[in-house]
Amino acid sequence: MLFGLTILCHLIPAIFAAVATVVIVLVRREDRTPWWDGTIPGRCVGAGLVVLTLVVLVLAPGGFPVVATLVALAMLVGFDGRALRWAAVSAPVGFLIAGFWFVPFYLNSAFLNDMGWEKYTNYAQYLWPQPDQFDMANRNLWFALAGVGMVLSLVHRVRLGWFLTLTLVAFGWLFVFLPQYRLWNARLLPFYYLALYLLASLGVALVIRSLAILAGRLTGASDEPWPVDVAGVLAVAVVALVYLMGSLQVLPGGTQGQRTLPDGEVAPTYEWGPLSFQDLNNAANWARYNFAGLEDPAKAYAEFSAMVDMMTEVGEQNGCGRAMWEYESGLSRFGTPMAPMLLPYFTDRCIGSMEGLYFEASSTTPFHFINQSELSPAPSRPQRELPYPPFDMNAGVRHLQLMGVRYYLASTDTAVDVARLHPDLTEIASTEEFTLADGSVRQWVVFEVADAPLVESLEYLPVVLTPDRRPHRRVGVRRGAAGADRDRPDAPQDSGTGDGLVSGSHPLGGAAGHIRPR
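Basically this note's numbering = 1-based index in the sequence shown + 166.
Structure (C-alpha cells):
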C-alpha cells in the first residue's frame with residue numbers, strides 16, 4: 167500500500183519506497199534474535215566483524231565498501247516467513263494502485279524524450295564527496311557519526327539503525343551498478359545521503375542514551391536517569407542551533423571575515439566571538455536569488471522587460487506566432503536561461519515559446535536543440551548523442567520554416583550580423599543596447615521568418631483515394647452538411663485508359679474538393 171501510494175506521487179520516491187520495502191522485509195522482526203546476539207561466542211564474532219571492518223577502513227580503504235557490505239549483510243539480514251504472507255496480500259494491492267498511471271506511462275514511454283543524462287562513473291568521489299565534485303561541509307564528522315550510529319544500533323538492538331544501514335548500502339551499490347538508462351544514477355544519491363544523515367542523527371541519540379545508561383549504573387538507579395537525557399538533548403540542540411545559524415551567517419553580533427587557503431585563495435568566513443565558521447551554507451543566498459523574482463536588482467530585468475515589451479508590440483502589429491531565440495550561457499543574467507520561456511505568459515499566449523520546461527515529456531525536444539545549435543554561436547547542446555551541427559543560419563532558417571516558427575530573436579553581434587544577410591529573415595524590431603557586467607553589449611533584434619506557416623490540424627478530414635480499375639465509373643463528390651452543394655457536377659467518366667480515382671466517404675461530412683482522374 168505504501169509503495170502504491172508513493173508511486174502515485176512521483177517515480178523517484180517510488181524507487182526509494184521499493185528499496186526500503188525490500189530492506190524492511192530483510193531486517194529481522196522485533197521478536198527474532200540475530201545469530202550473533204544469542205550467545206557470548208556469537209557476540210564475540212559480531213564484535214570481531216565490526217573491528218575487522220574498521221581495520222580495513224584504516225589500512226585498506228579501497229576494499230572497505232565490499233567488506234562493510236558483506237559484514238552488514240551477515241549481521242543484519244534475516245528472513246521471516248511471515249513476510250511472504252504479508253507480501254501476498256499487500257504487494258498486489260500496491261502494484262495495482264501504482265499501475266493506475268505507471269503502466270500507461272511505461273507503455274507510452276517510447277513517445278517521450280530521453281535527455282540521455284550521462285551516468286556518473288567516478289563513484290568514490292560522490293559516495294565519499296570530494297571538493298572538486300561538491301563541498302560537503304564537515305564530511306568526516308557526518309560519516310563518523312553515521313558509523314557510530316551503525317555500531318550503537320547493534321549494541322542497543324535498534325532495528326531502525328539496521329534498516330538505515332542496509333538502505334545506505336543498497337543505494338550506494340545501486341549508484342554504482344545501475345546501467346546507463348533513462349534513470350540517471352545521480353537521482354539515487356539523495357536517498358544515500360538521507361540515510362547517512364539519519365544514521366548520524368541516530369548515532370548522536372544513541373550516544374546520549376549510552377551516557378544515560380552508564381550514569382544509571384554508576385548511581386545504582388534501576389532506570390535511565392532522565393536528567394542525563396534532557397541535558398544531552400539540550401546540549402545537542404544548542405550546538406546544532408549555533409552551528410546552523412553560524413553557517414547561515416545569521417547569529418546576532420556576527421561579522422564577516424576571511425581566511426587564506428593553502429593554494430593562496432582567499433575564502434570568506436563568519437566570525438562570532440571566538441568561533442569562526444568556515445563552511446558557510448549558501449542556502450540563504452540561493453533562496454534569495456531564486457525567489458526574489460525577475461525584478462531583483464541583481465538580475466538584468468530592464469533588458470528582459472525590454473525584450474518582452476518588444477515582442478508584445480510585434481505580436482500586436484505583425485501577428486502572433488512562435489518565437490525562437492539565440493541561446494548563450496549569459497541568459498542566466500535574467501535569473502535563469504529559461505526566462506524567455508515566459509514569453510507566452512507575458513504576451514497573453516500571443517508569442518509562443520519554442521522551448522518548454524518539460525524536456526523529457528516532448529518528442530520534439532531533440533529537434534529544438536538541433537535548431538538551437540544551428541541558430542546560436544554558443545549553443546547549450548544539453549542532450550546526449552545528437553548530431554549537433556555547427557552554427558548555420560541557412561539550415562536553421564529552413565528548420566524554422568519547417569517547424570512553423572514565425573520569429574527569430576538574436577542578441578549577439580555574430581548572430582545578428584548573419585541574420586541580417588539572410589534573404590528569408592526580415593528585421594522588424596529591436597531593443598535598446600544594454601551593457602552587461604563583463605562590459606559586453608547586448609541588443610535584442612527580432613526577425614520575421616518568411617514562409618513559415620504554423621502546422622495546424624485540418625478543418626476537414628482529407629479525401630481517401632483508392633484505385634478503381636472498372637471503366638465508366640462515375641465519381642461524385644458532394645457536401646454532406648445540410649444538403650449544401652448537392653448540385654455539384656459529377657466527375658467525368660474514366661476514359662478507360664488508366665485507373666480512376668475514387669473518393670472515399672467523408673467522416674465529418676465536409677467538402678473535400680472536386681478531383682479529376684489523370
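Beta carbons are placed, not taken as given, at the ideal position from N, Cα and C, and that holds for glycine. Here the structure is a predicted model, which means the values were calculated and not measured.
Just to confirm, are alanine 616 and threonine 592 a CB contact at a threshold of 9 angstroms? Along the sequence shown, one-based indexing puts residue 616 at 450. Along the sequence shown, one-based indexing puts residue 592 at 426. One thing to note: alanine 616 has its Cβ within 9 angstroms of the Cβ of threonine 592.
Within its chain, find whatever has a CB closer than 6 angstroms to the CB of serine 577; leave out the 5 residues flanking it on each side and keep chain order. Position 411 of the sequence shown, counted from the start, is the residue given in the question as residue 577. The answer, listed in chain order, is Glu492, Arg608, Trp610.
Nearest neighbour of tyrosine 573, chosen from Tyr511, Val480, Ile536 [CA to CA]: As a position in the sequence shown, residue 573 is number 407, starting the count at 1. With distances taken between Cα atoms, tyrosine 573 lies closest to Val480.
Closest to aspartate 583 by C-alpha separation, out of Leu368, Asp558, Val335, would be which residue? Counting from 1 along the sequence shown, the entry for residue 583 is found at position 417. It is Asp558 whose Cα lies nearest to the Cα of aspartate 583.
Quick check on phenylalanine 500: does DSSP put it in helix, strand or coil? In the sequence shown, counting from the first residue as 1, residue 500 sits at position 334. Note: phenylalanine 500 maps to helix in three-state DSSP.
Considering just the uninterrupted stretch of the alpha helix (DSSP H) at methionine 473, what are its terminal residues? Here residue 473 is taken as the residue at index 307 of the sequence shown, counted from 1. For methionine 473, the uninterrupted alpha helix (DSSP H) segment begins and ends at 467 to 484.
Apart from the five residues on each side of it in sequence, which residues of its chain come closer than 8 angstroms, Cβ to Cβ, to leucine 407? Numbered from 1 along the sequence shown, position 241 holds the residue referred to as residue 407. Non-local beta-carbon contacts of leucine 407 in its own chain, meaning distances under 8 angstroms to residues more than five positions away in sequence, are absent.
Name the one or two DSSP bridge partners that valine 432 has. Start at 1 with the first residue of the sequence shown, and residue 432 comes out as number 266. Thr426.
Could you tell me whether the Cβ atoms of serine 154 and glycine 315 are closer together than 9 angstroms? The shown model of the chain, from 167 to 684, leaves out residue 154, and the question about it has no answer.
Mind checking which residues open and close the alpha helix (DSSP H) that includes leucine 236? Taking the first residue of the sequence shown as 1, we reach residue 236 at position 70. 230 to 242 is the span of the alpha helix (DSSP H), which, as asked, contains leucine 236.
Per DSSP, what kind of secondary structure is arginine 550 in: helix, strand or coil? Translated into positions along the sequence shown, residue 550 becomes position 384. Arginine 550: coil per DSSP, three-state reduction.
One or two residues paired with methionine 281 in a DSSP bridge: Sequence index remark: in the sequence shown, residue 281 carries index 115 (1-based). The beta-bridge partner set that DSSP reports for methionine 281 is empty.
For alanine 560, which residues of its own chain have a beta-carbon under 8 angstroms away from its beta-carbon, when the five flanking residues on both sides are left out? The count along the sequence shown starts at 1 and reaches residue 560 at position 394. It is asparagine, not alanine, that sits at residue 560 in the sequence shown. Taken in chain order, the residues that qualify are His588.
With DSSP as the reference, identify every bridge partner of leucine 575, one or two as the case may be. The count along the sequence shown starts at 1 and reaches residue 575 at position 409. As a beta-bridge residue in DSSP terms, leucine 575 pairs with Trp491, Val612.
Residues bridged to alanine 595 [DSSP beta-bridge criterion]: Locating residue 595 in the sequence shown gives position 429, counting from the first residue. DSSP links alanine 595 through a beta bridge to Val612.
The beta strand (DSSP E) spanning glycine 518 covers which residue range? Start at 1 with the first residue of the sequence shown, and residue 518 comes out as number 352. From DSSP, the beta strand (DSSP E) with glycine 518 extends over 517 to 519.
Run the CB neighbour count on glycine 204, radius 10 Å, all protein chains shown included, and call it buried at 16 or more, exposed below. In the sequence shown, counting from the first residue as 1, residue 204 sits at position 38. That one is exposed.
Which one of Ser495, Asn448, Arg499, Ala450 has the shortest CA to CA distance from alanine 466? Sequence index remark: in the sequence shown, residue 466 carries index 300 (1-based). Comparing Cα-Cα distances from alanine 466 to each of Ser495, Asn448, Arg499, Ala450, the minimum goes to Arg499.
When you compare each of Pro200, Pro440, Phe613, Glu598 to aspartate 590 by their alpha carbons, which one comes out closest? For the purposes of this step, residue 590 is identified with residue 424 of the sequence shown, where counting begins at 1. Closest by alpha carbon: Phe613.
So, does the region 213 to 223 touch the region 276 to 296, judging by three or more C-beta pairs under 8 angstroms? No, they do not touch.
DSSP state of glutamate 622, grouped into three classes? On the sequence shown, residue 622 is found 456 positions in, with the first residue counted as 1. Glutamate 622 falls in the coil class under three-state DSSP.
Taking the alpha carbon of leucine 349 as the reference point, which residue from Met302, Trp452, Glu284, Gln415 has its own alpha carbon closest? Working through the sequence shown from its first residue, we reach residue 349 at position 183. Ranking Met302, Trp452, Glu284, Gln415 by Cα distance to leucine 349 puts Glu284 first.
CA-to-CA distance, cysteine 516 to valine 643, given in whole angstroms: Here residue 643 corresponds to residue number 477 of the sequence shown, with the count starting at 1. Here residue 516 corresponds to residue number 350 of the sequence shown, with the count starting at 1. With a pLDDT of 38 at valine 643, under the threshold of 50, the predicted position of this residue should be treated as unreliable, and no value is reported.
Please check the pair proline 506 and glycine 518, which I expect to be a contact at CB under 8 angstroms, by giving their CB distance rounded to whole angstroms. Position 340 of the sequence shown, counting from 1, holds the residue named residue 506. Position 352 of the sequence shown, counting from 1, holds the residue named residue 518. Contact flag wrong, Cβ pair sits at about 11 angstroms.
In the DSSP assignment, what residue or residues form a beta bridge with tryptophan 130? The first residue shown for the chain is 167 and the last is 684, placing residue 130 beyond what the model contains.
Which residues DSSP lists as bridging serine 193, in chain order: Numbered from its first residue, the sequence shown carries residue 193 at position 27. Reading off the sequence shown, one finds valine at residue 193, where the question assumed serine. Answer is Val243, bridged to valine 193.
Specify, as a first and last residue, the run of the alpha helix (DSSP H) that valine 563 falls within. By one-based count along the sequence shown, residue 563 stands at place 397. First-last of the alpha helix (DSSP H) with valine 563: 559 to 568.
Given a threshold of 16 other Cβ atoms within 10 Å of its Cβ, counted over all protein chains shown, does valine 571 qualify as buried or as exposed? Residue mapping note: residue 571 aligns to position 405 of the sequence shown, counting from 1. Its Cβ being crowded by 16 or more others within 10 Å, valine 571 is buried.
Helix, strand or coil, according to DSSP, for phenylalanine 300 in the structure here? Taking the first residue of the sequence shown as 1, we reach residue 300 at position 134. Looking at phenylalanine 300 - three-state DSSP - the assignment turns out to be coil, as it is neither helix nor strand.
Glutamine 538 vs arginine 550 beta-carbon contact at 9 angstroms: Taking the sequence shown and counting its residues from 1, the one referred to as residue 538 is at position 372. Taking the sequence shown and counting its residues from 1, the one referred to as residue 550 is at position 384. Not closer than 9 angstroms, so no.
Report all residues from its chain with a CB closer than 7 angstroms to the CB of glycine 562; omit the five preceding and five following residues, and keep chain order. Mapped onto the sequence shown, residue 562 falls at position 396. Hits under 7 angstroms: Asn537, Glu540, Leu541.
Can you list, in chain order, the residues of its chain whose CB lies under 8 angstroms from that of tyrosine 531, leaving out five sequence neighbours each side? As a position in the sequence shown, residue 531 is number 365, starting the count at 1. As written in the sequence, residue 531 is threonine, which differs from the tyrosine given in the question. Counting only Cβ-Cβ distances below 8 angstroms, and skipping sequence neighbours, we find Asn279, Met281, Phe525, Gln549.
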